[in-house]
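Novice: Line order of the protein sequences matches chains A and B. Just so you know, my numbering puts 207 at position 207 of the first sequence, and the rest follows in order with no gaps. Just so you know, my numbering puts 247 at position 247 of the second sequence, and the rest follows in order with no gaps. Where a beta carbon is used, it is the ideal one built from N, C-alpha and C, also for glycine. Just so it is clear, the structure is predicted and the values come from calculations on it, not from any experiment. One structure, pasted below without further comment.
There are 2 protein chains.
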Amino acid sequence: MAQPPPKPSQPGARAPVSLRDVADLAQVHISTASRALDPAQAGRISAATVKRVRAAASKIGYTPDLVAAGLKRGRTQSVGVVVADFDNPYNGLLIRGLSRVLEAQGFVAVVAESAEQRTRLAAVLDHFTARRVDAVVSTAAHLGDADLFAPLIARQIPVVLGVRGLPASGFATVLHDDFRGGELAGAHLRELGHTVVARLRGPVDIDSFIRRDAGFNAGIAGAEQLVDVTIDDCASIPDIAEGRRLMEATLAQRQRPTAVFAHNDVMAVGVLQAMEGAGLRCPRDISVVGYNDVPLSSHLSPPLTTVRLPSELLGRRLGETLLARIEDPSLPGEELRLPAELVIRRSTARAGAARRTRSG
Amino acid sequence: MAQPPPKPSQPGARAPVSLRDVADLAQVHISTASRALDPAQAGRISAATVKRVRAAASKIGYTPDLVAAGLKRGRTQSVGVVVADFDNPYNGLLIRGLSRVLEAQGFVAVVAESAEQRTRLAAVLDHFTARRVDAVVSTAAHLGDADLFAPLIARQIPVVLGVRGLPASGFATVLHDDFRGGELAGAHLRELGHTVVARLRGPVDIDSFIRRDAGFNAGIAGAEQLVDVTIDDCASIPDIAEGRRLMEATLAQRQRPTAVFAHNDVMAVGVLQAMEGAGLRCPRDISVVGYNDVPLSSHLSPPLTTVRLPSELLGRRLGETLLARIEDPSLPGEELRLPAELVIRRSTARAGAARRTRSG
DNA sequence: GCCTTCTGTGCAACCGTTTGCAAGAGCCTT
DNA sequence: AAGGCTCTTGCAAACGGTTGCACAGAAGGC
Chain A
1 MAQPPPKPSQ PGARAPVSLR DVADLAQVHI STASRALDPA QAGRISAATV
51 KRVRAAASKI GYTPDLVAAG LKRGRTQSVG VVVADFDNPY NGLLIRGLSR
101 VLEAQGFVAV VAESAEQRTR LAAVLDHFTA RRVDAVVSTA AHLGDADLFA
151 PLIARQIPVV LGVRGLPASG FATVLHDDFR GGELAGAHLR ELGHTVVARL
201 RGPVDIDSFI RRDAGFNAGI AGAEQLVDVT IDDCASIPDI AEGRRLMEAT
251 LAQRQRPTAV FAHNDVMAVG VLQAMEGAGL RCPRDISVVG YNDVPLSSHL
301 SPPLTTVRLP SELLGRRLGE TLLARIEDPS LPGEELRLPA ELVIRRSTAR
351 AGAARRTRSG
Chain B
1 MAQPPPKPSQ PGARAPVSLR DVADLAQVHI STASRALDPA QAGRISAATV
51 KRVRAAASKI GYTPDLVAAG LKRGRTQSVG VVVADFDNPY NGLLIRGLSR
101 VLEAQGFVAV VAESAEQRTR LAAVLDHFTA RRVDAVVSTA AHLGDADLFA
151 PLIARQIPVV LGVRGLPASG FATVLHDDFR GGELAGAHLR ELGHTVVARL
201 RGPVDIDSFI RRDAGFNAGI AGAEQLVDVT IDDCASIPDI AEGRRLMEAT
251 LAQRQRPTAV FAHNDVMAVG VLQAMEGAGL RCPRDISVVG YNDVPLSSHL
301 SPPLTTVRLP SELLGRRLGE TLLARIEDPS LPGEELRLPA ELVIRRSTAR
351 AGAARRTRSG
């Protein structure tokens, strides 16, 4: 047997131990080494050889090159994830749930942020395509964005939507039941007797906010003499600053609401800030209902009444949906809808409470 | 010229348009096409040819295959990022800052979570190696974890540490000035006259918490008759639940503290929960100081006195440090330290306030 | 008019795996 | 004993780019 001379590795040069080195050491052909190391193919190779190759691999510290394997296989074992906003604590749990199920199957998540901008979403999606991810999940889609995914489906890359759907797009989708969530919030306010209400909506071209709004309207319908003092729509990212801005604008109006429904908890924090700035107290002067139940909302001042969404669970479901599509791309684009739940805390009170307690 | 017959693409088969197709359409050699599309090499090619190739590429919708390019170039244009806890809102801003500077240079972040477990960190790092990331940033290191990075440095993969350092490891590091931060918190409590204090520390084997603690001790030193009722150390992830557990244990002791310093804001929320459960009010009965100034902490009940850290900035600095190391791996492992700042809100008050207001 | 220097392009060898195909060995049928 | 299995392994062609080198032609210096 011709022993290949050990390469005189230059001092300081990296030691790229490749499959070839393993094969040489184990005295087998590189293809045999490849199969011995692949659990799916190891059955074809004799037990003795497998053992020898494994030993050689661990002896010289072989780490497979996933990019080479990815090139050859046409699968990179990675999925692209695009969220709207890293800063929203809601997304943390979602990503955790998602990446837990992905990594259990040897996949890895490549995460990016769209900041609610169509051009950024497009750029991110392009990048994912170039990187040849095996699938894409988006929780950042706006209503007109379906076309941005076209290049992906042309390449047969499964696309799964989370949180925000794209009606009639045919993508597999995992949503919260936002209609129900909004409805719970609306009914709660109706039961408390609120008649002058403001909704602080997220961007109008986002499915989930639309459904929250529709649900809220349904839930509060029936309240006598209902006055809607919603003034404006979210211009950009529905974050603390935007919640504050919208609330300040609302308070500048002639008629002050007795209750506001913020489309997410971080906007609700902005609402609270605006109220504080205006010398108003919650819930005495104005009740506020948030949405999402992010971990800290139970300790806001006051603790926030909000709609709880199972975000980590949604992340997991997204992962499972995704994995199934990677396995079998022909699976239908079904829609999964997770339950929402109202959590009543101390930021809501009966309408008119301020009048009754004003002198107290 | 021999025109290669157009491939009879099967209906339903994907249309993998490759560089070869672009070259054929533009009537140039594939290598010429490659250079024409590479901004760094386009100078070598005549303007007319570049234009022709570009036109051909966009006409047939060519998207470069980054995994193939990565294999050949030995650079994947990706960096691995490992954080301790997706659920901690602190990390969101950090990741945002980091990925903004990375993506400006065409890099992408691959993010994973260690959940404070050494084995998970090891697994994540292995995965990064296999994926041939160009660099790794960790904000999840525990003190004994330096060895986990050895395989990376053996492969000349730059490692940058953020938030949590590894003393004497020689890695480039971007930290908050946690000693100073802790000191500010300690001095604040001293000035308010607190003498019975509890510290709710993060895991004892994490650099940043050690420095916070040392700083706190220095800051509060000089307080008369100082009694330390710190009872326990964080067993796992320093999150809300752990903060609550530690505070409950603290309250079960004989001597009750008049102030507590929680090593991060989310633990402080747990502290507040425990106090509420025990019928104690903040700051009347016990003052609490948090750490991090996560976006929501200004609206906790009560608004939290805390130490503000520029997390997004730290993320950006991490990115810059990283990029510089990718460019020139021989750069020294210098340490950057970002300033901390005390934000006094309403969760802290003079010691003894409870006695004075008890009947009020 | 010859030699050098550019420019612009083509040639072909990689990068590290995977995998269809084939071949040799050993064993079983009939 | 020949043909047909199964089992194990080797061979070599990809995958889709990148890049050092060579080469042809044009331009320029003397």
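So A:F107 contacts chain B; which residues on that side make the cut at Cβ distance below 8 Å?
Specialist: Mapped onto the first sequence, residue 107 of chain A falls at position 107. Neighbours of A:F107 on chain B: none; closest Cβ ~10 Å, over 8 Å.
Novice: Are at least three pairs of beta-carbons, each pair with one atom in the region 179-186 of chain A and one in the region 156-170 of chain A, less than 8 Å apart?
Specialist: Too few Cβ pairs lie closer than 8 Å, so no.
Novice: Pick out whichever of B:P283, B:D239, B:S287 has its Cα sitting closest to the Cα of B:D265.
Specialist: Here the question's residue 265 of chain B lines up with position 265 in the second sequence. When only C-alpha atoms are compared, the closest one is B:D239.
Novice: With DSSP as the reference, label B:P5 as helix, strand or coil.
Specialist: Locating residue 5 of chain B in the second sequence gives position 5, counting from the first residue. Bear in mind that a pLDDT of 36 at B:P5, under 50, signals an unreliable position, so the number given afterwards is only what the model happens to contain. Three-state result, B:P5: coil.
Novice: Could you tell me which of A:D205, A:T258, A:S46, A:S301 sits nearest to A:H142, measuring between CA atoms?
Specialist: In the first sequence, residue 142 of chain A corresponds to position 142, counting from 1. It is A:D205.
Novice: Report yes or no: do the region 185-193 of chain B and the region 216-229 of chain B share at least 3 C-beta pairs separated by less than 8 Å?
Specialist: Output reads yes: the region 216-229 of chain B touches the region 185-193 of chain B.
Novice: Just to confirm my understanding: we take B:R118, look at its own chain, exclude 5 residues before and 5 after, and list those with CB closer than 8 Å. What are they?
Specialist: Mapped onto the second sequence, residue 118 of chain B falls at position 118. Around B:R118: H142, G144, D145, L148.
Novice: Which same chain residues end up closer than 8 Å to B:D233 when comparing Cβ atoms and leaving out the 5 residues on each side of it in sequence?
Specialist: Residue mapping note: residue 233 of chain B aligns to position 233 of the second sequence, counting from 1. Answer for B:D233: R201, P203, V204, listed in chain order.
Novice: At a CB-CB cut-off below 7 Å, which residues of chain B make contact with A:E113?
Specialist: As a first step, residue 113 of chain A is located in the first sequence; it is residue number 113 there, counting from the start. Those within 7 Å of A:E113 in chain B are R96, S99.
Novice: Just the Cα atoms here: how many angstroms apart are A:A123 and B:R316?
Specialist: Here residue 123 of chain A corresponds to residue number 123 of the first sequence, with the count starting at 1. Here residue 316 of chain B corresponds to residue number 316 of the second sequence, with the count starting at 1. Between A:A123 and B:R316, the C-alpha separation is close to 20 Å.
Novice: Would B:D134 be called buried (16 or more neighbouring beta carbons within 10 Å of its own) or exposed?
Specialist: The residue you call residue 134 of chain B lines up with position 134 of the second sequence. With 16 or more other Cβ atoms within 10 Å, it is buried.
Novice: Can you list, in chain order, the residues of its chain with a C-beta nearer than 7 Å to that of A:G212? Leave out the 5 residues immediately preceding and following it.
Specialist: As a first step, residue 212 of chain A must be located in the first sequence, where it is residue number 212. Sequence inspection shows Arg at residue 212 of chain A; the Gly mentioned does not correspond to that position. Closer than 7 Å at Cβ, skipping near neighbours: D178, G181, G182, H263, Y291.
Novice: Please confirm if A:G70 has its CB atom under 8 Å from at least one CB of chain B.
Specialist: Reading the first sequence from its first residue, position 70 is the one you call residue 70 of chain A. Closer than 8 Å: yes.
Novice: So, for B:G243: in the same chain, excluding its five sequence neighbours on each side, which residues have a beta-carbon less than 7 Å away from its beta-carbon?
Specialist: The count along the second sequence starts at 1 and reaches residue 243 of chain B at position 243. Excluding residues within five positions, the ones whose Cβ falls inside 7 Å are L200, A262, V266, M267, A268, V269, G270, V271.
Novice: Can you tell me where the alpha helix (DSSP H) holding B:H127 begins and where it ends?
Specialist: For the purposes of this step, residue 127 of chain B is taken as the residue at position 127 of the second sequence. Segment 118-130, the alpha helix (DSSP H) holding B:H127.
Novice: Residues in the region 250-273 of chain B with C-beta within 8 Å of chain A's C-beta atoms, listed in sequence order?
Specialist: The residues in question are V266, V269, L272, Q273.
Novice: Please report the distance separating the alpha-carbon of A:I345 from that of B:E335.
Specialist: In the first sequence, residue 345 of chain A corresponds to position 345, counting from 1. In the second sequence, residue 335 of chain B corresponds to position 335, counting from 1. Note that residue 345 of chain A is Arg in the sequence shown here, rather than Ile. When rounded, the distance between both Cα atoms is 45 Å.
Novice: For A:P283, does the count of other Cβ atoms within 10 angstroms reach 16, so buried, or fall short, so exposed?
Specialist: Here residue 283 of chain A refers to the residue found at position 283 when the first sequence is read from its first residue. It is buried - the Cβ of A:P283 has at least 16 other Cβ atoms within 10 Å.
Novice: Let me check understanding here. Comparing Cα to Cα, which of B:P332, B:S99, B:A36, B:D65 lies closest to B:R54?
Specialist: The sequence position of residue 54 of chain B within the second sequence is 54, counting from 1. For B:R54, the nearest C-alpha among the options comes from B:A36.
Novice: Is the distance from the Cβ of A:A349 to the Cβ of A:L125 below 8 Å?
Specialist: The sequence position of residue 349 of chain A within the first sequence is 349, counting from 1. The sequence position of residue 125 of chain A within the first sequence is 125, counting from 1. Their beta carbons are not under 8 Å apart, which means A:A349 does not touch A:L125 by this criterion.
Novice: What are the start and end residues of each continuous beta strand (DSSP E) run of 3 or more residues lying completely inside the region 230-282 of chain B, in chain order?
Specialist: Counting only runs of 3 or more, we get 259-262.
Novice: Going by beta-carbon coordinates alone, are B:T63 and A:A130 separated by less than 8 Å?
Specialist: Looking up residue 63 of chain B in the second sequence gives position 63. Looking up residue 130 of chain A in the first sequence gives position 130. Yes.
Novice: List the residues of chain A whose Cβ lies closer than 9 Å to the Cβ of B:G92, in chain order.
Specialist: For this step, residue 92 of chain B is matched to residue 92 along the second sequence. The answer, in chain order, is D85, F86, D87, N88, P89, N91, G92.
Novice: Counting C-beta neighbours from all protein chains within 10 Å, is the total for B:L93 16 or more, i.e. buried, or is it exposed?
Specialist: The sequence position of residue 93 of chain B within the second sequence is 93, counting from 1. The residue in question, B:L93, is buried, as its Cβ has 16 or more Cβ neighbours within 10 Å.
Novice: For a test of the three-state rule: what should DSSP assign to A:V343, helix, strand or coil?
Specialist: Here residue 343 of chain A refers to the residue found at position 343 of the first sequence. Of the three classes helix, strand and coil, the one that applies to A:V343 here is strand, per DSSP.
Novice: Can you tell me whether DSSP reads B:D144 as helix, strand or coil?
Specialist: The count along the second sequence starts at 1 and reaches residue 144 of chain B at position 144. The sequence given here places Gly at residue 144 of chain B; Asp does not occur at that position. Three-state result, B:G144: helix.
Novice: Assuming B:G319 contacts B:A172 under a Cβ cut-off of 8 Å, what Cβ separation, rounded to an integer in Å, is found between them?
Specialist: On the second sequence, residue 319 of chain B is found 319 positions in, with the first residue counted as 1. On the second sequence, residue 172 of chain B is found 172 positions in, with the first residue counted as 1. About 12 Å; that fails the 8 Å criterion.
Novice: Nearest by alpha-carbon distance to B:L342: which of B:D328, B:T321, B:L309, B:R325 is it?
Specialist: As a first step, residue 342 of chain B must be located in the second sequence, where it is residue number 342. Among B:D328, B:T321, B:L309, B:R325, the Cα nearest to that of B:L342 is on B:L309.
Novice: Are any of the Cβ atoms in chain B nearer than 8 Å to that of A:S301?
Specialist: Numbered from its first residue, the first sequence carries residue 301 of chain A at position 301. Answer yes: the Cβ-Cβ gap between A:S301 and chain B drops below 8 Å somewhere.
Novice: In the region 45-60 of chain B, which residues sit with their C-beta less than 9 Å from some C-beta in chain A, listed in chain order?
Specialist: Listed in sequence order: no entries.
Novice: According to DSSP, simplified to helix, strand and coil, what is B:S138?
Specialist: If you number the second sequence from 1, residue 138 of chain B lands on position 138. If DSSP states are grouped into helix, strand and coil, B:S138 belongs with the strands.
Novice: Please list the partners that A:V343 has in chain B, where partner means a Cβ-to-Cβ separation under 9 Å.
Specialist: In the first sequence, counting from the first residue as 1, residue 343 of chain A sits at position 343. The premise fails here: A:V343 is roughly 15 Å from chain B at the closest Cβ pair, so nothing lies under 9 Å.
Novice: Run down chain A in chain order and give the residues with a C-beta less than 8 Å from the C-beta of B:T129.
Specialist: Translated into positions along the second sequence, residue 129 of chain B becomes position 129. The contacting residues are T63.
Novice: Counting C-beta neighbours from all protein chains within 10 Å, is the total for B:A154 16 or more, i.e. buried, or is it exposed?
Specialist: Translated into the one-based positions of the second sequence, residue 154 of chain B becomes position 154. Exposed, since its Cβ has fewer than 16 Cβ neighbours within 10 Å.
Novice: Taking the beta strand (DSSP E) that B:G162 belongs to, which residues open and close that run?
Specialist: Translated into the one-based positions of the second sequence, residue 162 of chain B becomes position 162. It spans 159-162 - the beta strand (DSSP E) in which B:G162 sits, taken as one unbroken run.
Novice: Could you tell me whether the Cβ atoms of A:T258 and A:H194 are closer together than 8 Å?
Specialist: In the first sequence, the residue the question calls residue 258 of chain A occupies position 258. In the first sequence, the residue the question calls residue 194 of chain A occupies position 194. Yes, these two residues count as a Cβ contact at 8 Å.
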